[in-house]
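Data block below; observations after.
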Amino acid sequence: MSSSVAFVCATSAGAATVYDLIWFGGNAGLQNTGDALTFTGAGLSVDATAHKLLNDGSIGQDYRLGQYLGGLGVTSTQNNDSHEVDGKGPNEVVKLSFSQQVTVERVYFTHVQRNDDFSFTVVDGVDAGTYYASTDIPQWWWNSSYGAYTFQNDWTGTMFGFGASGKNDDFKLKGIKVSYDDTPPGQNPPPVPLPAGGALILSAFAAIAAVRRRQRG
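Pasting the structure below:
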């Protein structure tokens with residue numbers, strides 16, 4: 021499964037942080053119940069699956085995941101012609117399972133209408149999750165059918181759920197921006213180099229300390 025991915029690297033304190041912007045739009049259509057679509061980024065991959073979102077925020081039974089030009093949608097029954105993540109009946113959710121720990125930065129939506137909300141879940145296991153209250157999807161003023169939400173807290177993990185929180189909510193999951201540390205497992209980030217002249221400053225401090233020790237003697 022091909023995907024459109026953009027990324028940029030930034031260095032801070034000797035460690036590299038990678039930002040991946042992964043888009044989910046495409047034309048794979050409706051998948052079999054429980055089947056995943058895989059998307060790849062710079063150094064990571066993510067599997068998307070469709071499920072029922074339970075009242076406590078945990079992930080329930082498998083549904084059918086669909087990939088369309090507008091993004092990912094869910095259908096809860098064979099005859100349900102809705103191609104969106106919606107709450108018309110059971111609340112539906114798209115679960116994203118990353119190949120390594122990431123921090124969620126921003127999530128993008130399409131087919132957004134006024135007062136559409138989404139629920140966000142940090143998944144602790146296959147079926148268990150920690151639920152966070154539903155949040156309104158901010159619409160783009162130049163095209164109200166699109167929206168994006170920027171996270172203010174550092175939600176970090178390997179699995180996340182984005183679902184509907186009520187019967188009037190429906191949208192498609194267009195994309196996600198995440199960040200992660202690209203330091204190889206088992207390795208520490210490289211040491212921070214001294215700024216220019218730093219070695220000379222340390223030598224000067226050492227000389228002063230030596231003079232003081234002689235004076236005390």
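Numbers in our numbering are just positions in the sequence shown, counted from 1, shifted up by 20.
Each residue gets a CB set at the ideal place from its N, CA and C atoms; glycine is no exception.
Note that the coordinates shown come from a computational prediction; the quantities given were computed from them, not determined experimentally.
Judged by beta-carbon spacing, Asp137 lies beyond the 8 Å limit of Ser165, meaning their Cβ atoms are not closer than that value. Between Leu41 and Gly195, the gap from beta carbon to beta carbon is short of 8 Å.
For Gln172, the secondary structure class from DSSP, reduced to helix, strand or coil, is coil. In this chain, Lys108 is not harboured by any beta strand (DSSP E), its DSSP state being neither H nor E.
Contact between Ala168 and Tyr128 holds, since their C-beta atoms are separated by about 5 Å, short of 8 Å. Here Leu92 is not near Phe140, since their CB atoms are 8 Å or more apart.
Between Glu125 and Phe171, the gap from beta carbon to beta carbon is short of 8 Å. In the DSSP assignment, Leu193 falls within the beta strand (DSSP E) that extends over Asp190 to Asp201.
Listed in chain order, the non-local C-beta contacts of Met179 below 6 Å within the same chain comprise Ser117 and Val143, local neighbours out to five positions each way being set aside. For Leu85, the enclosing beta strand (DSSP E) begins and ends at Arg84 to Tyr88.
Ala68: member of the beta strand (DSSP E) spanning Ser65 to Leu73, first to last residue. Straight through space, the alpha carbons of Ser65 and Thr123 are spaced by roughly 14 Å. Less than 8 Å separates the beta-carbon of Gly107 from that of Gly186. Taken through DSSP and simplified to helix, strand or coil, Asn163 comes out as strand. Assignment of Glu104 by DSSP, reduced to helix, strand and coil, places it in the coil class.
Among the bridge pairs identified by DSSP, Val124 is matched with Val198.
Nearest in C-alpha terms to Ser78, of all of Asp202, Gly181 and Ser199, is Gly181. Residue nearest to Ile157 within the set Thr60, Arg84, Gly86 and Gln133 is Gln133 (criterion: CA-CA distance). Collapsing the DSSP output to three states places Asp55 in coil. Residue environment for Leu89: exposed (fewer than 16 other C-beta atoms within 10 angstroms of its C-beta). Taking the Cα positions, Lys72 is about 20 Å away from His131.
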